[in-house]
Structures are given as C-alpha cells and as structure tokens.
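Undergrad: In the working numbering, the protein residues as written are 478 to 722. For every residue, glycine included, the Cβ atom is placed at its ideal position computed from N, Cα and C. Here the structure is a predicted model, which is why all the values come from computation and not from measurement. Sharing a structure below in structure tokens format, with a few things to ask.
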Amino acid sequence: MKRVTFTICCVLLLSSQAVGFAPIGPASSDLDQGQFATGAEYVKGDFKTIYENYTVTWSNAGFNETSYLPGKTDAELYLDGFFGKVSFGLTDRCTVSAGLNQDGWGLGTKLTLKESKALDWGMAVWVDFLSCEDKLSDSDWEYLKGQVDLYTARIAIGPVYKIDGLRLYGGPFVFWANGDGDLRGKYVSGEISLDVRSRWDVKTELELGGYIGMSIELLENLDVQVEYQLARDLSIFGAGLSFKF
C-alpha cells in the first residue's frame with residue numbers, strides 16, 4: 478500500500494493548470510502620484526517545482542497507519558490564462574498593484590531608484606498566491622483528488638529606456654516558491670477499502686533569471702506591453718493592455 482500511495486502522490490497534480498503569474502513590467506514606477514491604472518494581461522508558460530516530505534495516512538474502521546515517505550518528485554505547472562490588475566501611484570516614484578485570476582491573486586510594487594529624461598532605473602516586486610486542484614480517475618480508486626497551495630515571489634531590478642511613448646526594459650530577477658499539497662482518496666481493491674490522506678511540501682529554491690520587454694503607448698493613456706521571462710525553472714511569455722486615469 479505504501480508503494481501504491483507514493484506512486485499516486487508522484488503523478489497527481491504534475492500537470493495542473495495555474496494562471497497566477499503576471500508580467501513584471503518596467504521596473505520603475507510608471508504612474509504619477511494619485512493616478513490609477515487598470516488592465517488585463519495574458520500569460521503562457523510553465524514553471525518547475527519540487528514535491529517533498531510526504532506524510533501518508535491510510536485507514537479504515539479497524540486500521541490506521543501514518544508513514545513518512547522519503548524522496549522528491551519533480552512537478553511542472555503550466556501557465557495559460559488571463560490576469561486582471563489594478564495599480565495606484567502612491568508617489569511619483571512608487572506604484573502599488575493588485576491582481577486577480579481564476580486560481581489566485583497577487584500583490585506587487587515598483588520603485589524608481591534613479592530617473593532621467595531618457596533612462597530610469599527601478600526595482601519591481603511581485604508575489605503570486607496560487608491554489609491548484611486536480612482529480613484522478615483510476616479503477617483502483619473510488620475517488621482521488623488533491624490541491625496545491627503556494628506562493629511565488631519575483632524581485633527584479635533594471636533599466637527602462639524611454640523615447641516617444643516607447644519603453645524598452647529588462648534585467649535580472651530572483652525567483653522562488655513555497656507551499657504545500659494535500660491529497661484525499663479512497664483506495665478499493667477486492668475487499669480492501671482504505672481512506673488515504675497525504676500531505677507534502679512544495680518548494681522551488683531561490684534562483685536567478687532574466688527578463689526583457691517593451692511597452693508602447695497606442696493612444697493617450699493606453700499602453701500595450703509584451704514581455705518574456707526566463708530562469709532555470711521558469712519560462713513565461715506575457716502580454717497586456719493598461720489604461721491610466
């Protein structure tokens with residue numbers, strides 16, 4: 478039974494859908510004090526993480542046993558969806574943002590560290606909070622479902638080149654993730670019927686990546702943006718529209 482349970486834990490949720498990653502955008506603040514912006518962004522890509530520290534309990538009316546299962550499982554979450562975002566200029570050099578999608582939400586800020594007519598330097602921070610659910614159908618299981626809850630964080634720093642409504646930006650960023658998973662099911666084989674519960678940790682160690690992007694003012698106060706992010710365990714293409722008011 479340990480082997481069966483461990484195998485299921487390894488394959489469940491390895492291809493879950495998640496849409497919580499928003500583009501980082503230009504690292505410097507792009508709103509005046511008191512100004513708002515709202516928009517929609519699309520992201521597509523994937524990121525890899527690790528499932529580890531499994532604890533499994535199986536029981537029935539007269540039996541109960543809990544075991545720790547060693548080992549790690551590589552997991553890959555696919556990103557494909559839309560993200561709504563609202564931003565506000567706290568000052569001319571600091572913007573705060575919040576976003577929402579079907580699987581989670583996020584918070585972020587941008588700080589202008591140095592500015593000039595053609596070139597700014599800034600820092601951006603964004604944290605996503607995700608919740609991914611999945612179910613597995615198998616002849617030996619009456620039901621089997623699981624959920625992964627985690628947060629991911631990205632901190633970027635870099636230049637923003639500005640000219641006539643066009644902004645080119647990019648630079649390095651650091652990325653990490655942390656969370657946990659939960660699985661519940663009922664294993665049935667012949668006269669055997671056991672309730673199964675498993676928990677595990679989700680973790681991506683701190684790693685360095687890079688990103689590049691472009692923002693263009695299509696109309697007054699209406700910007701379109703495209704961006705690509707790449708790290709060892711992360712690859713994201715993003716695009717979006719933003720309206721300032």
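Count the other CB atoms, across all protein chains shown, that sit within 10 Å of the CB of Glu518; report buried if there are 16 or more and exposed otherwise.
TA: Residue numbering aside, residue 518 sits at position 41 when the sequence shown is read from its first letter. Glu518 comes out buried.
Undergrad: Would you identify the three-state DSSP class for Ala499, choosing helix, strand or coil?
TA: Within the sequence shown, numbered from 1, the residue matching residue 499 stands at position 22. In the structure shown, Ala499 sits in coil (DSSP, three-state: anything other than H, G, I, E or B).
Undergrad: So the beta strand (DSSP E) Ser505 belongs to, where does it begin and stop?
TA: As a first step, residue 505 is located in the sequence shown; it is residue number 28 there, counting from the start. First-last for Ser505: undefined, no H or E at that position.
Undergrad: Tell me which same chain residues have a C-beta within less than 8 Å of the C-beta of Lys479, skipping the five on either side of it?
TA: Translated into positions along the sequence shown, residue 479 becomes position 2. A caution first: Lys479 carries a pLDDT of 49, below 50, which makes its placement in the model unreliable, though a value can still be read off. Excluding residues within five positions, the ones whose Cβ falls inside 8 Å are Val533, Ser544 and Leu546.
Undergrad: Which full runs of the beta strand (DSSP E) of 3+ residues lie inside the segment 511-579, going along the chain?
TA: 513-537, 540-568 and 571-578
Undergrad: By the 10 Å Cβ neighbour count, where 16 or more other Cβ atoms means buried, how is Tyr620 classified, buried or exposed?
TA: In the sequence shown, the residue the question calls residue 620 occupies position 143. The C-beta of Tyr620 has fewer than 16 other C-beta atoms within 10 Å across all chains shown, which makes the residue exposed.
Undergrad: Taking the alpha carbon of Phe720 as the point to measure from, which residue in Ser506, Phe498 and Gln512 has its own alpha carbon closest?
TA: Locating residue 720 in the sequence shown gives position 243, where the first residue counts as 1. Per the Cα distances, Gln512.
Undergrad: Counting pairs of Cβ atoms below 8 Å between the segment 655-663 and the segment 707-720, do you hit three or more?
TA: The segment 655-663 makes no contact with the segment 707-720; the number of CB pairs closer than 8 Å stays below 3.
Undergrad: Quick one: give me the first and last residue of the beta strand (DSSP E) that Arg676 is part of.
TA: As a first step, residue 676 is located in the sequence shown; it is residue number 199 there, counting from the start. Taken as a continuous stretch (DSSP letters only), the beta strand (DSSP E) holding Arg676 covers Ile669 to Leu696.
Undergrad: DSSP on Leu613, reduced to helix/strand/coil?
TA: Working through the sequence shown from its first residue, we reach residue 613 at position 136. In this structure, Leu613 counts as coil in the three-state DSSP scheme.
Undergrad: For Glu592, which residues from the same chain have a beta carbon less than 8 Å from its beta carbon, with the 5 sequence-adjacent residues on both sides left out?
TA: What you label residue 592 is simply residue 115 of the sequence shown in a count that begins at 1. So the qualifying residues of the chain are Ser505, Arg570 and Trp598.
Undergrad: Am I right that Gly690 and Gln702 are in contact with their C-beta atoms under 8 Å? What's the rounded C-beta distance?
TA: Looking up residue 690 in the sequence shown gives position 213. Looking up residue 702 in the sequence shown gives position 225. Yes, Gly690 and Gln702 are in contact; Cβ-Cβ is about 6 Å, under 8 Å.
Undergrad: What number of angstroms, rounded off, separates the C-alpha of Ala575 from the C-alpha of Gly561?
TA: Indexing the sequence shown from 1 puts residue 575 at position 98. Indexing the sequence shown from 1 puts residue 561 at position 84. So the two alpha carbons sit approximately 8 Å from each other.
Undergrad: Would you call the segment 668-682 and the segment 634-649 touching, i.e. three or more CB-CB distances under 8 Å?
TA: no
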